[in-house]
Amino acid sequence: MKQINIAIVGTGPSGVYCGLQLIEEFQKTGSNAYSITFFDPLPTLSTILPTGNGRCNLTFAEEDFKVFASNYPRGEKFLYSIFSRYLTRETIEYFEKIGIKTFIQPDNRVFPVSQSAKTVRTQMISALKKGISVKFCQKIVKNPEELDTYDVIVLATGSKDRHSLAERFGHSVIPLVPSLCGLKVKDKGANFPTGVSIHTQNEGLIFTHVGISGPEIFRISSINAKKAYPYDIEIPILNPDKVLEALNETPKKSFGNIISEFIPKSLTKYLFEKYGINYDKQGAHAKKEEIEKLQNLIFTVTGPDGKGEIVHAGGVLLDEVDKNCHSKINKKLWIIGEALDIDGFCGGFNLQNCWSTAAIAAQDIVQRVIQNP
Ligand SMILES: Cc1cc2nc3c(=O)[nH]c(=O)nc-3n(C[C@H](O)[C@H](O)[C@H](O)COP(=O)(O)OP(=O)(O)OC[C@H]3O[C@@H](n4cnc5c(N)ncnc54)[C@H](O)[C@@H]3O)c2cc1C
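Reminder that position 162 of the sequence shown reads as 142 in my numbering, one-by-one numbering, no gaps.
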């Protein structure tokens, strides 16, 4: 059988995992007539180091592929087929096989037992080096012609490819916009409670110098990533039934102090000032419309806070790849990971997109080259 030369552009999580899965798939066929060459100006897997604040949130423990895919504001339907074939179980099994033991947190996020992205990187690189023929070329690929000598090309360029290699291969790229980021808000007004954090009815939120941030805001920024600025948001922070209960129990207590039982005092003071409500009046005199106003945080968002987004919405148009991430435009090409127009919420979803698209592409590549040598 002729030697198959494979180029993988990008040594982020998706590129490296694709290399590892290619090694697995070739091993199953008993063939070692292949070579893998990685191209990237950055050190291998350097983009995995900051993940999960250095702890690397590898994935999310959920077996139902449709429920899993519902965590992707972009890519949900496309991922059904991919996730139905390769999801958390397969990923965890593979990581265990290469010595990365994992555990599930109470919130279902999956981390390595080492709680170290550095260790994950070391283990993945050492598994890669056990491959038959793996080479690393520390350079940027600017043009498709540079890869003419390869039989198979995998684009795993993430969302920051300044040379837009996918476009040069003839693909349409949906413009990139920040997702999972903090937000700037308009008219913060006096006494904005900078530094204060709260647990909303969903997740955590922190007030910053320019607006709001934290997991709840990342989620909102992701859902609204493609929306034009400015836009309005409403975040539930108080349960009106519980507030009414407290008002009835202690009607003589000040309205402000009653609300401060539920949210930090500085936030209460800020909201009372914003809505012109008297902090010191007795709870018995609180009006229904005042309680309604306090129920939600309401802001006009003017843009991302510029503090470094975690992922980007946008990327290669999903209609231009098949269910195995194989390009419909160039037969030699597969596109995986964040280079595709796929992005998910925080919780391990973005890395799982990398692992699953990489594994499915690797299976497809090996099947094709074995069937059509
Ligand atoms: C601070 C932070 C924390 C995160 N934490 C988590 C987390 O805990 N869990 C989670 O699921 N997700 C997390 N993410 C998201 C996750 O890191 C990304 O989704 C993931 O890295 C995407 O992997 P990728 O391989 O597709 O692309 P990337 O990681 O972006 O890698 C692409 C690589 O391609 C290279 N490249 C690009 N263009 C070219 C070219 N023309 N020629 C050669 N090389 C090229 C780049 O240099 C880069 O190394 C986090 C992201 C950030 C920024």
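Each residue gets a CB set at the ideal place from its N, CA and C atoms; glycine is no exception.
Source: prediction; values computed, not measured.
For a cut-off of 8 Å, the C-beta gap from S202 to F40 is around 15 Å, too long to register as a contact. Look at C161 here: in three-state DSSP terms it is coil, with no helix or strand label.
At a threshold of 7 Å, N330 counts as near ligand 1, since its beta carbon sits closer than that to one of the ligand's heavy atoms. Closest in alpha carbon position to N204, among L247, N33, P53, is P53. T9: member of the alpha helix (DSSP H) spanning -7 to 9, first to last residue. Sorting V(-11), V346, T174 by C-alpha distance to the C-alpha of E4 places V346 at the top.
Here DSSP, grouped into helix, strand and coil, assigns I316 to coil. Here the C-alpha atom of L156 lies approximately 41 Å from the C-alpha atom of G10. Checking the DSSP bridge columns, you'll see A293 partnered with V157. Short note on E42: C-beta not closer than 7 Å to any heavy atom of ligand 1. If you draw a straight line from the Cα of K140 to the Cα of E289, it is about 12 Å long. For L127 against T137, the beta-carbon gap comes to about 12 Å, at or over 8 Å, which does not count as contact. In this structure the segment 220 to 227 does not touch the segment 185 to 194; the number of beta carbon pairs closer than 8 Å is below three. Set against 7 Å, the gap from the CB of I238 to the closest heavy atom of ligand 1 is not smaller.
According to DSSP, F19 shares a beta bridge with V(-11), C117.
Taking 8 Å as the cut-off, the beta carbon of P92 is found no closer than this to the beta carbon of C161. With at least 16 other beta carbons inside 10 angstroms of its own, N333 counts as buried.
L277 is positioned such that its CB atom lies closer than 8 Å to that of I217.
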